[in-house]
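In what follows, a single structure is set out as structure tokens and then discussed.
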Amino acid sequence: MAEYRHREIEKKWQQYWENNHTNKVEIDTTKPKCYVLDMFPYPSGAGLHVGHPLGYIASDIYSRYKKLKGFNVLHPMGFDSFGLPAEQYAIQTGQHPAITTEKNIETYIGQLKNIGFCYDWSREVRTSDPAYYKWTQWIFMELFNAWYNKETDKAENVATLYDLFAKGGSNAAKAVCDEELPEFTAEEWNSWSKEKQYEVSLNYRLTYLAESVVNFCPELGMVLSNDEVKDGVSERGGYPVIQKKMSQWMMRITAYCDRLISGLDTIDWSESLKDQQRNWIGKSNGASVKFEVENSDKKIEVFTTRIDTIYGVSFLVLAPEHEWVADLTTSEQKASIEEYILETQKRSELDRMSDVKKVSGAFTGSYCINPFNGERVPIWIADYVLAGYGTGAVMGVPSGDQRDWNFATHFSLPIIPILDAQADIETQADATKEGKYINSGMINGLDYKAATAKLVAYLEENKIGRGKVNYRLRDAVFARQRYWGEPVPVYFKPNAEGTLVPHLVDKKDLPLILPEIDKYQPTETGEPPLGRAKNWTYTPEGSTEAYPLEMSTMPGWAGSSWYWYRYMDANNDTDFASKEALDYWQDIDLYLGGTEHATGHLLYSRFWNKVLKDLGYVKQEEFARKLINQGMIQGRSNFVYRVKDAEKPTFVSLGLKDQYETVKLHVDVNIVEADVLDLEKFKTTRNDIGDEPQFILEDGKYICGSEVEKMSKSKFNVVNPDTLVERYGADTLRLYEMFLGPLTESKPWDTRGIEGTYRFLRKFWRLFFDQNGNPIFKDEEPTKDELKSLHKTIKKVAEDVENFSFNTSVSSFMICVNELTDLKCHKLAILKDLLIIISPYAPHIAEELWEQIGETESITKTTFPTFNPAYLVEDSFEYPIQINGKVRVNINFPADMPKEEIEKQVLANEQVIKWMEGKELKKIIVVPKRIVNVVV
Numbered sequence: 061m062a063e064y065r066h067r068e069i070e071k072k073w074q075q076y077w078e079n080n081h082t083n084k085v086e087i088d089t090t091k092p093k094c095y096v097l098d099m100f101p102y103p104s105g106a107g108l109h110v111g112h113p114l115g116y117i118a119s120d121i122y123s124r125y126k127k128l129k130g131f132n133v134l135h136p137m138g139f140d141s142f143g144l145p146a147e148q149y150a151i152q153t154g155q156h157p158a159i160t161t162e163k164n165i166e167t168y169i170g171q172l173k174n175i176g177f178c179y180d181w182s183r184e185v186r187t188s189d190p191a192y193y194k195w196t197q198w199i200f201m202e203l204f205n206a207w208y209n210k211e212t213d214k215a216e217n218v219a220t221l222y223d224l225f226a227k228g229g230s231n232a233a234k235a236v237c238d239e240e241l242p243e244f245t246a247e248e249w250n251s252w253s254k255e256k257q258y259e260v261s262l263n264y265r266l267t268y269l270a271e272s273v274v275n276f277c278p279e280l281g282m283v284l285s286n287d288e289v290k291d292g293v294s295e296r297g298g299y300p301v302i303q304k305k306m307s308q309w310m311m312r313i314t315a316y317c318d319r320l321i322s323g324l325d326t327i328d329w330s331e332s333l334k335d336q337q338r339n340w341i342g343k344s345n346g347a348s349v350k351f352e353v354e355n356s357d358k359k360i361e362v363f364t365t366r367i368d369t370i371y372g373v374s375f376l377v378l379a380p381e382h383e384w385v386a387d388l389t390t391s392e393q394k395a396s397i398e399e400y401i402l403e404t405q406k407r408s409e410l411d412r413m414s415d416v417k418k419v420s421g422a423f424t425g426s427y428c429i430n431p432f433n434g435e436r437v438p439i440w441i442a443d444y445v446l447a448g449y450g451t452g453a454v455m456g457v458p459s460g461d462q463r464d465w466n467f468a469t470h471f472s473l474p475i476i477p478i479l480d481a482q483a484d485i486e487t488q489a490d491a492t493k494e495g496k497y498i499n500s501g502m503i504n505g506l507d508y509k510a511a512t513a514k515l516v517a518y519l520e521e522n523k524i525g526r527g528k529v530n531y532r533l534r535d536a537v538f539a540r541q542r543y544w545g546e547p548v549p550v551y552f553k554p555n556a557e558g559t560l561v562p563h564l565v566d567k568k569d570l571p572l573i574l575p576e577i578d579k580y581q582p583t584e585t586g587e588p589p590l591g592r593a594k595n596w597t598y599t600p601e602g603s604t605e606a607y608p609l610e611m612s613t614m615p616g617w618a619g620s621s622w623y624w625y626r627y628m629d630a631n632n633d634t635d636f637a638s639k640e641a642l643d644y645w646q647d648i649d650l651y652l653g654g655t656e657h658a659t660g661h662l663l664y665s666r667f668w669n670k671v672l673k674d675l676g677y678v679k680q681e682e683f684a685r686k687l688i689n690q691g692m693i694q695g696r697s698n699f700v701y702r703v704k705d706a707e708k709p710t711f712v713s714l715g716l717k718d719q720y721e722t723v724k725l726h727v728d729v730n731i732v733e734a735d736v737l738d739l740e741k742f743k744t745t746r747n748d749i750g751d752e753p754q755f756i757l758e759d760g761k762y763i764c765g766s767e768v769e770k771m772s773k774s775k776f777n778v779v780n781p782d783t784l785v786e787r788y789g790a791d792t793l794r795l796y797e798m799f800l801g802p803l804t805e806s807k808p809w810d811t812r813g814i815e816g817t818y819r820f821l822r823k824f825w826r827l828f829f830d831q832n833g834n835p836i837f838k839d840e841e842p843t844k845d846e847l848k849s850l851h852k853t854i855k856k857v858a859e860d861v862e863n864f865s866f867n868t869s870v871s872s873f874m875i876c877v878n879e880l881t882d883l884k885c886h887k888l889a890i891l892k893d894l895l896i897i898i899s900p901y902a903p904h905i906a907e908e909l910w911e912q913i914g915e916t917e918s919i920t921k922t923t924f925p926t927f928n929p930a931y932l933v934e935d936s937f938e939y940p941i942q943i944n945g946k947v948r949v950n951i952n953f954p955a956d957m958p959k960e961e962i963e964k965q966v967l968a969n970e971q972v973i974k975w976m977e978g979k980e981l982k983k984i985i986v987v988p989k990r991i992v993n994v995v996v
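Going by the working numbering, the first residue of the sequence shown is number 61, and it counts up by one from there.
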């Protein structure tokens with residue numbers, strides 16, 4: 061082949077890999093396994109831009125390298141194909157989400173194959189495929205049939221819970237469950253019907269129904285997760301979102317809080333990501349206190365980490381959604397409370413938590429009693445308290461908390477000093493310094509530790525509270541009022557009182573397939589879209605009656621919380637994965653993805669993995685040993701400058717814009733080259749600039765402004781990898797993305813730089829073929845310099861890949877090719893090994909040249925060359941010789957020559973004698989392998 065024709069070469073080898081199943085992998089117990097996984101992509105309609113493949117290229121290089129090192133590498137790809145965007149498109153167009161999803165996946169697969177990734181496509185999975193979500197439904201059922209036993213510190217099948225109840229009643233089971241459930245004896249349990257026992261057990265299961273405050277978007281008719289809400293509106297569509305209490309499926313992730321925290325110490329994830337998870341879980345030690353409501357039998361429970369400040373409480377605040385707000389509101393305060401609740405509903409939980417400066421609230425008109433001093437405490441509501449966090453109530457201690465102080469001063473509430481205001485200044489200062497309390501009831505004069513212990517003991521003795529560990533993390537809402545998601549395998553059957561009780565469908569009837577419906581919106585009566593399905597019912601075996609099925613679907617994170625196991629055995633019809641596959645592949649060795657999943661996908665996945673381990677299905681406590689968050693590739697935006705108030709639409713070039721009053725507009729970077737705008741394409745691709753636009757040019761060109769921003773369609777700075785692959789080749793794109801900088805750091809994209817990488821590959825090609833396309837590689841013994849250049853590159857690349865420093869590997873390749881070019885090295889003994897080590901980075905050109913030099917098997921079947929340190933040992937060293945501090949001559953000596961011999965030969969050298977000018981030698985200093993200094 062005369063020239064480096066990248067597209068011809070790349071299409072050829074991509075077809076070869078596909079036809080020969082080059083990347084297909086099977087269990088091979090003779091080899092060590094290596095499981096490399098990219099985070100599940102969602103197949104959006106926009107397809108990939110150049111920022112998306114960054115992590116994929118890195119994982120591909122690592123996979124190809126480990127295969128060359130003798131590992132059996134599992135490197136699969138699939139799609140998180142349920143989700144809101146496809147459903148919204150379906151609502152707008154009436155087209156079934158499956159159609160748009162399939163089209164988007166086809167686009168993604170085409171783009172991924174175009175870049176030459178070594179995915180085993182025979183293992184591809186899609187969360188929207190019934191063959192896949194059958195097992196997502198199965199896992200839901202396993203969670204429903206499990207409870208968390210505090211004594212064994214793990215989840216167990218609900219059958220063990222029944223056994224404990226039968227032997228010792230409710231007190232026999234140390235369960236993570238709803239608080240303050242009714243107690244019962246073994247005799248009572250054994251006297252109940254199976255139906256009654258079942259209903260009681262629903263309060264203990266890992267999956268359960270509960271009233272929960274959710275982000276509800278009336279316009280979309282669905283519940284949104286916190287990360288789908290921005291500034292009080294839906295991220296998609298910008299529709300208002302309110303806080304609403306609804307009956308929802310929940311998952312008891314809080315049972316695993318301690319294990320989710322401790323497990324972080326066993327995995328190789330970044331400390332910043334681990335800290336995000338620790339903070340999100342938010343473990344805190346404190347006490348639960350019950351405040352009696354005045355003139356009522358109600359008791360408001362409050363969790364506090366500072367029970368020692370109990371004497372400073374001057375008000376109590378409930379979340380606006382607290383179930384007792386209506387009961388506690390007096391008639392005089394009703395209007396203001398209702399108005400405040402209405403305003404709160406318009407704010408997301410995230411906004412309420414983050415807006416620490418805003419002070420707002422409303423008085424209910426009721427009071428409670430401080431259990432330690434009998435003082436009346438007014439009960440308020442405020443949106444900084446969340447119903448789902450803790451008990452939905454907090455005690456206000458203005459003298460001990462800035463937010464409480466702001467609240468008290470804003471509403472002119474008392475500020476009770478924890479220290480006695482009458483104590484002299486010196487006494488107060490000493491007490492504060494020692495951490496002691498003055499005139500604070502039973503803890504007067506005690507330090508923090510003693511005070512806390514005494515107060516907690518008092519709470520427990522008088523049954524008005526207890527010591528308690530609390531978590532910021534709340535049980536996960538596991539329901540969405542959407543269509544395009546996994547159906548929940550639950551039907552509802554009325555009990556003797558007519559109350560609908562949830563029951564699981566039979567496992568043999570899985571998958572419960574998503575039904576066809578006429579529209580993808582909620583029903584006219586407010587039911588989720590599945591309410592439109594005909595006969596959305598289930599008839600249990602042995603029954604003649606059909607019962608209604610659950611109309612909510614699973615959230616987006618359901619299918620992505622276990623998918624790595626399905627890749628191990630993607631086509632298994634009888635299990636989510638076989639025992640053989642699970643035992644061999646075990647867990648993920650390297651997981652790559654974005655930081656945005658730190659507290660969503662990664663936390664839920666760890667939770668599900670621990671449940672599967674507890675129930676005996678998998679062996680690993682954690683699913684991914686090492687995780688790397690790749691940095692973001694930022695877009696380089698271009699701008700044009702429109703002159704304000706011009707008669708015709710007029711655009712002025714960058715260097716002249718300061719002479720006019722202008723408006724800066726984004727322009728498509730794909731019609732800009734080296735900041736020069738293609739005027740004709742600009743005129744034909746923009747329909748918002750008016751007719752006959754005028755241009756004020758510099759030297760006949762329109763120069764655009766530029767700025768580094770997030771890459772997005774709205775900024776017109778999205779660069780399509782397909783365009784670059786067509787122009788420069790996939791190998792060039794792969795090398796360039798790695799060359800941009802360290803994998804974990806964000807870096808700006810600049811298409812102009814890719815040309816240099818393309819030139820490098822053409823230079824690499826010239827080591828094998830001359831200008832006329834004639835082969836110039838030959839079988840000859842390599843020189844020491846050639847071996848040195850190769851082996852220092854082998855060493856560097858191996859170290860870099862193992863340390864994920866891919867950018868420095870690319871630099872090493874460039875240095876090596878330059879050195880071999882200068883040495884005029886075309887020797888196969890050198891070039892073959894160079895081809896192998898570059899093949900993970902640039903697989904297409906490596907395969908082609910491998911074939912051109914006469915190899916008949918794919919380069920992927922070879923072995924990574926072994927570094928030989930002997931080739932880096934220097935035989936000689938060229939010493940710079942200084943005469944009175946100035947280098948006058950350079951002399952080569954054997955590397956192991958003794959200092960005394962070097963001194964002799966230096967002083968006998970003609971050039972040195974000449975520069976000494978007959979002067980007497982004062983001293984000579986030899987620094988081995990550095991320098992020789994002669995002083996005269």
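The C-beta atom is built at its ideal place from N, Cα and C for all residues, glycine as well.
In this text, all values refer to a predicted model and were calculated from it rather than measured experimentally.
Which listed residue (the options) has its alpha carbon closest to that of residue i
| i | options | result |
| --- | --- | --- |
| K844 | S348, R542, F467, I890 | I890 |
| V80 | M137, W181, N132, R794 | With the sequence shown as reference, residue 80 is identified as Asn, and Val is not the correct amino acid for it. Of the candidates M137, W181, N132, R794, the one whose C-alpha sits nearest the C-alpha of N80 is W181. |
| R696 | G105, H109, I69, V85 | H109 |
| I836 | K884, M502, I151, Y168 | K884 |
| L128 | K979, W825, T920, T655 | T920 |
| L114 | A906, R366, F864, V992 | F864 |
| Y116 | R794, T597, L850, G789 | R794 |
| E681 | N952, D464, Q646, A347 | Q646 |
| M957 | N969, A447, Y939, R948 | Y939 |
Identity of the residues DSSP links to residue i by a beta bridge
| i | result |
| --- | --- |
| L650 | V96 |
| N345 | V529 |
| V445 | None, per the DSSP bridge assignment. |
| L687 | Y651 |
| C428 | V353, V437 |
| E398 | DSSP lists no partner for E398. |
| M455 | L376 |
Counted within 10 angstroms of its Cβ, other Cβ atoms place residue i as buried (16 or more) or exposed
| i | result |
| --- | --- |
| D791 | buried |
| G816 | exposed |
| G602 | exposed |
| N209 | buried |
| V373 | buried |
| F538 | buried |
| P300 | exposed |
| I943 | buried |
| M502 | exposed |
| A32 | This structure leaves residue 32 out entirely; the chain is present only between 61 and 996. |
| S251 | exposed |
| D649 | buried |
Terminal residues of the beta strand (DSSP E) in which residue i lies
| i | result |
| --- | --- |
| Y531 | 525–531 |
8 Å Cβ cutoff, residue i in contact with chain B
| i | result |
| --- | --- |
| P157 | Judged by its chain identifiers, the structure shown contains no chain B, having just a single protein chain. |
Residue interval of the alpha helix (DSSP H) (run including residue i)
| i | result |
| --- | --- |
| A511 | 508–521 |
| R794 | 790–799 |
Any beta strand (DSSP E) of 3 or more consecutive residues that is wholly inside the stretch 245–331: 267–277, 282–284, 302–311
Minimum length 3: unbroken beta strand (DSSP E) runs contained in the stretch 106–142: 132–134
For the stretch 934–983, list the alpha helix (DSSP H) runs that are entirely contained and at least 4 residues long, ordered along the chain. 959–968, 970–976
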